[in-house]
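Below: the structure, in structure tokens.
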Amino acid sequence: MDIVLIGFGTVGQGMAEVLSRKGATLQSSFREKLRLVGVFDSSSYEVSKKGLDPRELLTRKEKLHRVGPKLEGKSVLDALKDIDYDVMIEATPTNIEDGQPGLGHITAALKAGKDVVTSNKGPLALKYGELMRLAEKNDARLRFEASVGGATPIINVARELLMGEKIQSIRAIVNGTCNFILNRMMDEGLPFDQALREAQEMGYAEKDPSYDIDGIDSAAKAAILANAIFGRDCSYNDVRRSGIRGITLEAISMAAEEKKVIRLVAEISPSRLEVSPRLVPVGHPLAIGGTLNIFQMMTDLAGEVTVAGRGAGRLETASALLSDLVALMKEDCVVRRRTV
Ligand SMILES: NC(=O)c1ccc[n+]([C@@H]2O[C@H](COP(=O)([O-])OP(=O)(O)OC[C@H]3O[C@@H](n4cnc5c(N)ncnc54)[C@H](OP(=O)(O)O)[C@@H]3O)[C@@H](O)[C@H]2O)c1
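In short: position in the sequence shown from 1, add 1066, done, that's our numbering.
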């Protein structure tokens, strides 16, 4: 399986490390070599038909701050035309305005009949239906476990392991930064601004934190889940959204008096698509601490099914990308067996 990796930041580099660590095991399990034949960052790229050494790429990126020779005005899309590959891993920054550059990369791959695995929320939160139709038309596959919940397996659990269930609703905490801020307010009595500053100092929140605290990130993830699990054709703009900016210490302590905490909860069902701060009883699974993500699914047969885990991180997110790659390899193995 020949792979092109676009985006060589936190997640892309995590993926390179994972390929270097797990490549041999996967090759012996699936009798197929995972070969990295192209890697891009924002200003440079490296290609090799024979396969690139992920370790060398990591060392080069660390030393030179680029992954290969400069693009020199050439676009990623132009460079891609000259590369023969099977799967694109797309890990460029999420852009919730127009989905670019990831949307362009994913569209080009699908149009060329290539499979795509991505951690990038933007294209999926804006153009899910279009992308899925494009994949179907070109006999390509688009997988995106890493786009919601980081390492926490929600999409594949819901769509593949709970295949026989009717999932009625999902309530989820999908933004670790908000959870961290609300926890610090509750545990240490810190006012919102101070808890936010702490989150920024610790690298959980960006300098411009609006993406997290205004619920934009959570809404993008809610839209992806609504599309992927409830078969809706909606975008991030269809999500009713309010964030945690207005939460005061008074509200936190009034909640505590009732043995409750405040959490930014995403609720997704066939009739509901909303992100808002909610009161959650202490001890309830959604009262989860730290920066963890959690998804609580209500199903018709199994009842409540809850999945929790790390919502972000270099290797954590790469592990979700890997799970999608392995799913593609497994499908290919089944097809090969059937055609022999
Ligand atoms: N970090 C996480 O834990 C996490 C978790 C879940 C999902 N995600 C999603 O995964 C994606 C990647 O996240 P990240 O944390 O790895 O971001 P990042 O550290 O900012 O890395 C982004 C990478 O994309 C490259 N890039 C930017 N514009 C490009 C372009 N036009 N063409 C080619 N490459 C381009 C950057 O190049 P330079 O290196 O030259 O700047 C960088 O290598 C995002 O969509 C994010 O929302 C991240």
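Even glycine gets a Cβ: it sits at the ideal position worked out from N, Cα and C. Computed from a prediction, not measured in an experiment: that's the story for all the values here.
With a threshold of 16 other CB atoms inside 10 Å of the CB of Leu1102, please say whether the residue is buried or exposed. The residue you call residue 1102 lines up with position 36 of the sequence shown. Counting Cβ neighbours within 10 Å, Leu1102 comes out buried, since at least 16 surround it.
Does the region 1183-1198 come close enough to the region 1085-1105 that 3 or more CB-CB pairs lie under 8 Å? no
Who are the Cβ neighbours of Ala1157 in its own chain at under 6 Å, not counting the five residues just before and after it? Locating residue 1157 in the sequence shown gives position 91, where the first residue counts as 1. Only Gly1073, Val1077, Gly1078, Ser1185 meet the Cβ criterion.
In terms of DSSP beta bridges, what is Ile1236 paired with? In the sequence shown, the residue the question calls residue 1236 occupies position 170. According to DSSP, which records beta bridges pairwise, Ile1236 is partnered with Ile1334, Met1363.
Helix, strand or coil, according to DSSP, for Thr1357 in the structure here? Position 291 of the sequence shown, counted from the start, is the residue given in the question as residue 1357. Coil.
Taking the DSSP output, what are the residues bridged to Val1341? The residue labelled residue 1341 in the question sits at position 275 within the sequence shown. Val1341 is bridged to Arg1307, Ala1332.
Contact defined as beta carbons within less than 8 Å: I believe Thr1365 pairs with Ile1233. What is the distance between those atoms, to the nearest angstrom? Your numbering for residue 1365 matches position 299 in the sequence shown. Your numbering for residue 1233 matches position 167 in the sequence shown. Sure, about 5 Å apart at Cβ, within 8 Å.
contact_flag[the region 1193-1213, the region 1238-1248] where n(CB pairs < 8 Å) is 3 or more: no
Does the region 1203-1216 come close enough to the region 1257-1270 to have 3 or more Cβ pairs within less than 8 Å? no
Heavy atom of ligand 1 within 7 Å of Val1142 beta-carbon: Taking the first residue of the sequence shown as position 1, residue 1142 is located at position 76. Because some heavy atom of ligand 1 lies under 7 Å away, the Cβ of Val1142 counts as near it: yes.
State the DSSP-derived secondary structure class of Ser1370, mapped to helix, strand or coil. Looking up residue 1370 in the sequence shown gives position 304. Inspection of the sequence shows that residue 1370 is occupied by Glu rather than by Ser. Here Glu1370 sits in strand by DSSP.
Through-space distance from Met1081 to Leu1387, alpha-carbon basis: Taking the first residue of the sequence shown as position 1, residue 1387 is located at position 321. Taking the first residue of the sequence shown as position 1, residue 1081 is located at position 15. The straight-line gap from Cα to Cα measures roughly 8 Å.
Tell me which residue opens and which closes the beta strand (DSSP E) that Tyr1111 is part of. As a first step, residue 1111 must be located in the sequence shown, where it is residue number 45. Per DSSP, Tyr1111 belongs to the beta strand (DSSP E) from 1111-1113.
Thinking just about the alpha-carbon of each residue, which of Asp1304, Leu1248, Ala1286 is nearest to the one in Leu1345? Position 279 of the sequence shown, counting from 1, holds the residue named residue 1345. Minimum Cα distance to Leu1345 is reached at Leu1248.
For Leu1102, three-class secondary structure by DSSP: Locating residue 1102 in the sequence shown gives position 36, where the first residue counts as 1. Note: Leu1102 maps to strand in three-state DSSP.
Under 8 Å between C-beta atoms of Ala1288 and Ile1334: Locating residue 1288 in the sequence shown gives position 222, where the first residue counts as 1. Locating residue 1334 in the sequence shown gives position 268, where the first residue counts as 1. Yes. Within cutoff.
Tell me which residues share the same chain as Ile1279 and place their Cβ nearer than 8 Å to its Cβ, disregarding the 5 neighbours each side in the sequence. For the purposes of this step, residue 1279 is taken as the residue at position 213 of the sequence shown. Within the same chain, Ile1279 has close Cβ partners Thr1243, Cys1244, Ile1247, Leu1262, Ala1271, Gly1309, Ile1310, Arg1311.
Go through its chain and collect everything with a Cβ distance to Asp1299's Cβ below 8 Å, but skip five positions before and after it. As a position in the sequence shown, residue 1299 is number 233, starting the count at 1. Counting only Cβ-Cβ distances below 8 Å, and skipping sequence neighbours, we find Tyr1194, Gly1195, Asn1293.
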